[in-house]
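Residue numbers (this note's numbering), protein chains in the order written: chain A, 1 to 224; chain B, 1001 to 1800.
This is how it looks when you write it as structure tokens:
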């Protein structure tokens, strides 16, 4: 994966770059907000790791201009501030995730992988995770090359979960995306649907975790 | 330091004394109030009695029984009181009302007698003070009582009473203030020792935590002890803070030394295996140091935030949900089964006064603890339950928990009970700091899941409080065009320049102007009760307007600026005159020469009688039975002397022609049908004769009646403010200027130059103009009997 790290502390930057390169990613680094902004105008990255306190312009500003250009590149904010503003994660700034420094490298890698998966799932028509191959265009999911026989709703749910990997969806969120207004969605129906899909995904690394009272979160077990 | 909310001894003593004085004042003012009323009633009652007497005198026995000729003096006496509305009636006790307003209230059991009786009764929603007096009359049917009842609203009395009362009260209040002044001096003197303590404390260095010395008076010894007790506690708390800093220094230094130690050993290691094992230890130590630092910072932040009053109403449920959703992203959470139970919380039922950052920190630490101390597949349940006054947030897990004996120590700093985990011993003390900062309760116990159950009990903020604030935020209507509805007995063309100028200077207002004849307008206003009425009523018939206002149909106005209207042109701040329109004779110069014209009203009768044949059928005036303004001019002429009835007779013989309006009279004169027309409205006539050079205007030398066009805002108006603005505009310099220059009307303000042809004529006769006054005196000729007599005299003399 091609990554951009925007971080002004050289020691910290060095360790992060070493770590990510060791995992096989290609990593560019910028130390200045303005320069990072210029670079992002002209080149596409798979993931951007963005510090907040930067010379030139702040990480939030870089992020805002990125989103103003309708650029959907996944962004993880790295910050040393312990009081994280809620709006960082929301629509306002448009970050996909944030981590507080000092960051745990394993956790950072895990989150990068989730975002990369989500992006890959969104960008291409075919999503592959272990034996699972999901063809978005053909609306077909295969395990070990065999059709899983998923129904339309299950395919739809699978698509939703892949698009939102690593992000918690409430039952209501899922129902809203699955059903039209006329369908009169029942939350029980969503539960049953998730159970059915989970059964059909057995043997693949794609896990749909239920947090009772909260919702669902999808991740790939092989990431750990 | 006492801020606004604190008590002041001095204030308290003063308040007590002031309360005493106030109670005293209250008692005295109750007496004063009654006295002031009696004093205010006395002169006003004399007016009422005088009126009743003057009416009684005019009661006589006619062929059809008792009758009355209402004297003008009666209403004139009442007009001495310039503000109150008037009601009267003449009636036979137990029988019909002869004239006046039927159904005026009389207290039960009050029999009319020869002596005046005063009483107050409500009539049509307003309090009136009435006088009732009767006399015996010998009629064809024998002797009978005839009673007169006259009443006035009590506004003048109320005002008088208030002014007496206020004058008396000011004197008493002055005395009380002087008394309070003495009290104040006494208090200052006795509180001097407290100021000494204050000075002592104010001069202290922050480090000086010794007790306050001195021998305090007995009354404040308790305070002294309390201050010294507080200083002692402060001193202990400072010692604790110093211990904390020492603890923090110790913990971080130890942790960093260990890290440094592992690293130096790794540097000096001789074999890669040795180095590797050292580095693994260093890595683990670094993780511990990071966590320790994070928690120390979180602890400091939470304590700092609880110091500031940063608590705001916030909804706990979404805060908990968001925090949990964020926590779940952590890859360490993947095998942990996390659930959230929030049953039975209604929308708006989860509001607490809190700090979101601190609460999130507490929750995160609790989950972190559960993850850290529990098995990798731990079960964590977070529940939020609302009770009547509290919101209970619990975090429980299936981990090892804390032994019963250790629970009391668990929230102390640096007490990590588990030796083999990487706990810093700060997690629970952060939670404790958060609950302390929120005035919440923290309970530790054993969970049914097997592990620790941490319960935070927040005080619930009633949603009602929040809802009460909402209307303040919403509301506020958009500006839209408002229609000002004017019902008026004035030519639309004459008013148009005024309306256009008003609309231009009052954006968003559109005037809806409806034209009426004077009597139609009057009758419409009397019927008005059913439908939505006008916002403004304008008419030239002053008596009818006074009658409408006297019936309580008008609204009192506070005009935006001081108007300079003469007193005759305003009544009760409800009825406002805005023009000055004299009655005038219009004549045909081809039929009469200027020199021939009669100089006075008396001469007019003589002049007509002497030229009866010459003017037969060639004299015009208003049909006073049909025209309100004609009746007003004729009846006011009647007040000026007895010649009016004679004039009626003379005119009748000369075959008088009657008309509905000034314009028709002027047109008839212009066509040569009339030699002259009298009592025409000067303003209209002047505008009309401009195009007819053979017509002339003539004023008398003795007196010339002047009518003013009046406006009032009905009580039921929907746009009273805008209507008041319109009246203010009519009376303003700008409005009066427009009346002078752009309308045929003549302005009230003497500053405006009146253009020819009528202007020079009026200047030549200045001093002869007799304005008809806006007073209840105008009601005399509206009296039913009086009007019937006057009109029948008129009809008889015209031979109808």
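Even glycine gets a Cβ: it sits at the ideal position worked out from N, Cα and C.
Comparing C-alpha positions only, which one of 1435(B), 1537(B), 1448(B) and 1508(B) sits nearest to residue 1487(B)? As a first step, residue 1487(B) is located in the second chain; it is residue number 487 there, counting from the start. Cα-wise, what sits closest to residue 1487(B) is 1537(B).
Take residue 1653(B) as the anchor and find which of 1394(B), 1798(B) and 1664(B) has the nearest alpha-carbon. As a first step, residue 1653(B) must be located in the second chain, where it is residue number 653. The residue from 1394(B), 1798(B) and 1664(B) with its alpha-carbon nearest to that of residue 1653(B) is 1798(B).
I need the straight-line Cα distance from residue 1161(B) to residue 1628(B), nearest angstrom please. By one-based count along the second chain, residue 1161(B) stands at place 161. By one-based count along the second chain, residue 1628(B) stands at place 628. Spanning the alpha carbons of residue 1161(B) and residue 1628(B) requires a straight line of approximately 39 Å.
If we call anything under 8 Å between Cβ atoms a contact, is residue 1314(B) one with residue 1454(B)? Residue numbering aside, residue 1314(B) sits at position 314 when the second chain is read from its first letter. Residue numbering aside, residue 1454(B) sits at position 454 when the second chain is read from its first letter. No; because the gap between Cβ atoms is not below 8 Å, this pair is not in contact.
For residue 1782(B) versus residue 1547(B), is the C-beta distance shorter than 8 Å? Position 782 of the second chain holds residue 1782(B). Position 547 of the second chain holds residue 1547(B). Yes, Cβ-Cβ distance for residue 1782(B) and residue 1547(B) is below 8 Å.
Applying the 10 Å Cβ sphere with the 16-neighbour rule, what's the burial state of residue 1382(B)? Residue mapping note: residue 1382(B) aligns to position 382 of the second chain, counting from 1. Burial call: buried.
Would DSSP call residue 1448(B) helix, strand or coil? Indexing the second chain from 1 puts residue 1448(B) at position 448. Residue 1448(B) falls in the coil class under three-state DSSP.
Can the beta-carbon of residue 1362(B) be found less than 8 Å from the beta-carbon of residue 1397(B)? The residue given as residue 1362(B) occupies position 362 in the second chain. The residue given as residue 1397(B) occupies position 397 in the second chain. Not closer than 8 Å, so no.
Environment of residue 1471(B) [buried if 16+ CB atoms lie within 10 Å]: Here residue 1471(B) refers to the residue found at position 471 when the second chain is read from its first residue. With a pLDDT of only 37 at residue 1471(B), under 50, the local geometry of the prediction cannot be trusted, and the value read off the model is given with reservation. By the neighbour-count rule (16 or more Cβ atoms within 10 Å), residue 1471(B) is not buried but exposed.
Quick one: using the 10 Å Cβ neighbour count with 16 as the cut-off for buried, is residue 1411(B) buried or exposed? Numbered from its first residue, the second chain carries residue 1411(B) at position 411. With 16 or more Cβ atoms within 10 Å of its Cβ, residue 1411(B) is classed as buried.
List the residues of chain B whose Cβ lies closer than 7 Å to the Cβ of residue 217(A), in chain order. Within the first chain, residue 217(A) is the residue found at index 217, counting from 1. Under the 7 Å cutoff, chain B gives 1328.
If we define contact as Cβ-Cβ less than 8 Å, is residue 193(A) a contact residue for chain B? Along the first chain, one-based indexing puts residue 193(A) at 193. Answer no: the Cβ-Cβ gap between residue 193(A) and chain B never drops below 8 Å.
With DSSP as the reference, label residue 1645(B) as helix, strand or coil. Numbered from its first residue, the second chain carries residue 1645(B) at position 645. If DSSP states are grouped into helix, strand and coil, residue 1645(B) belongs with the helices.
Using the Cα positions of residue 125(A) and residue 162(A), report the straight-line distance between them to the nearest angstrom. Taking the first residue of the first chain as 1, we reach residue 125(A) at position 125. Taking the first residue of the first chain as 1, we reach residue 162(A) at position 162. Each residue's alpha carbon lies about 12 Å from the other.
Whose C-alpha, out of 1591(B), 1039(B), 1138(B) and 1694(B), is nearest the C-alpha of residue 1615(B)? On the second chain, residue 1615(B) is found 615 positions in, with the first residue counted as 1. Nearest of 1591(B), 1039(B), 1138(B) and 1694(B) to residue 1615(B), Cα basis: 1591(B).
For residue 1660(B), which residues from the same chain have a beta carbon less than 7 Å from its beta carbon, with the 5 sequence-adjacent residues on both sides left out? As a first step, residue 1660(B) must be located in the second chain, where it is residue number 660. Excluding sequence positions up to five before and after residue 1660(B), its CB lies within less than 7 Å of the CB of 1623, 1626 and 1627, all in the same chain and listed in chain order.
Under a Cβ-count criterion, where at least 16 other Cβ atoms within 10 Å of its own Cβ denotes burial, should residue 1115(B) be classed as buried or exposed? The residue labelled residue 1115(B) in the question sits at position 115 within the second chain. Counting every other CB atom within 10 Å of its CB across the protein chains shown gives residue 1115(B) a total below 16, marking it as exposed.
Whole-angstrom C-beta distance between residue 1709(B) and residue 1745(B), which should lie under 8 Å: Position 745 of the second chain, counting from 1, holds the residue named residue 1745(B). Position 709 of the second chain, counting from 1, holds the residue named residue 1709(B). The pair is a contact, with the Cβ atoms about 7 Å apart (cut-off 8 Å).
Roughly how many angstroms separate the alpha carbons of residue 1751(B) and residue 1793(B), rounded to a whole number? Locating residue 1751(B) in the second chain gives position 751, where the first residue counts as 1. Locating residue 1793(B) in the second chain gives position 793, where the first residue counts as 1. Taking the straight line joining both Cα atoms gives about 41 Å.
Presumed contact (8 Å Cβ cut-off) between residue 1541(B) and residue 1656(B), rounded CB distance: One-based indexing of the second chain puts residue 1541(B) at position 541. One-based indexing of the second chain puts residue 1656(B) at position 656. Separation of the CB atoms of residue 1541(B) and residue 1656(B) is rounded to 21 Å, and the pair is thereby denied contact status at 8 Å.
I believe residue 1576(B) touches residue 1727(B) by the beta-carbon criterion, under 8 Å. Please report the beta-carbon distance rounded to the nearest angstrom. What you label residue 1576(B) is simply residue 576 of the second chain in a count that begins at 1. What you label residue 1727(B) is simply residue 727 of the second chain in a count that begins at 1. Yes, they are in contact, since the Cβ atoms of residue 1576(B) and residue 1727(B) sit about 5 Å apart, within 8 Å.
Who does residue 1124(B) pair with in a DSSP beta bridge? If you number the second chain from 1, residue 1124(B) lands on position 124. The partner list for residue 1124(B) (beta bridge, DSSP) is empty, contrary to what the question assumes.
Residue-chain proximity (residue 1340(B), chain A), Cβ-Cβ < 8 Å: By 1-based counting over the second chain, the position of residue 1340(B) is 340. So, interface residue.
Using a threshold of 8 Å, state whether the C-beta atoms of residue 1650(B) and residue 1608(B) are closer than that. Your numbering for residue 1650(B) matches position 650 in the second chain. Your numbering for residue 1608(B) matches position 608 in the second chain. Their beta carbons are under 8 Å apart, which means residue 1650(B) touches residue 1608(B) by this criterion.
Test item: CB-CB of residue 1153(B) and residue 1045(B) under 8 Å: Position 153 of the second chain, counted from the start, is the residue given in the question as residue 1153(B). Position 45 of the second chain, counted from the start, is the residue given in the question as residue 1045(B). Not closer than 8 Å, so no.
Under a Cβ-count criterion, where at least 16 other Cβ atoms within 10 Å of its own Cβ denotes burial, should residue 134(A) be classed as buried or exposed? The sequence position of residue 134(A) within the first chain is 134, counting from 1. Buried, because 16 or more other Cβ atoms sit within 10 Å of the Cβ of residue 134(A).
Out of 1055(B), 1174(B) and 1352(B), state which residue places its alpha-carbon closest to the alpha-carbon of residue 1132(B). Translated into positions along the second chain, residue 1132(B) becomes position 132. Out of 1055(B), 1174(B) and 1352(B), 1055(B) has the C-alpha closest to the C-alpha of residue 1132(B).
What in chain A is Cβ-close to residue 1447(B), meaning under 9 Å? Residue numbering aside, residue 1447(B) sits at position 447 when the second chain is read from its first letter. The premise fails here: residue 1447(B) is roughly 16 Å from chain A at the closest Cβ pair, so nothing lies under 9 Å.
Step through the CB atoms of chain A and report whether any lies within less than 8 Å of the CB of residue 1331(B). Residue mapping note: residue 1331(B) aligns to position 331 of the second chain, counting from 1. Yes, residue 1331(B) lies at the interface with chain A (some Cβ there is under 8 Å from its Cβ).
Contained alpha helix (DSSP H) runs [length at least 4] in the stretch 1288-1373 of chain B, N- to C-terminal order: 1316-1328 and 1356-1373
Verify the contact flag: residue 1768(B), CB atom, against every heavy atom of the ligand FAD, threshold strictly below 7 Å. Ligands are entirely absent from the displayed structure, and the ligand FAD is therefore not among its contents.
In the DSSP assignment, find the beta strand (DSSP E) that holds residue 1631(B) and state where it starts and stops. For the purposes of this step, residue 1631(B) is identified with residue 631 of the second chain, where counting begins at 1. Run containing residue 1631(B): none in the beta strand (DSSP E); it sits in the alpha helix (DSSP H), 1628-1640.
Following the continuous beta strand (DSSP E) through residue 76(A), name the residue where it begins and the one where it ends. Start at 1 with the first residue of the first chain, and residue 76(A) comes out as number 76. That run of the beta strand (DSSP E) goes 75-79.
Buried or exposed for residue 1406(B), please, with buried defined as at least 16 other CB atoms from any protein chain shown within 10 angstroms of its CB. As a working note, residue 1406(B) is residue 406 in the second chain. Exposed, because fewer than 16 other Cβ atoms sit within 10 Å of the Cβ of residue 1406(B).
Residue 1086(B) lies in the beta strand (DSSP E); which residues open and close that run? Indexing the second chain from 1 puts residue 1086(B) at position 86. From DSSP, the beta strand (DSSP E) with residue 1086(B) extends over 1086-1091.
For the alpha helix (DSSP H) containing residue 1658(B), name the first residue and the last one. For the purposes of this step, residue 1658(B) is identified with residue 658 of the second chain, where counting begins at 1. From DSSP, residue 1658(B) is part of no alpha helix (DSSP H) but of the beta strand (DSSP E) over 1657-1659.
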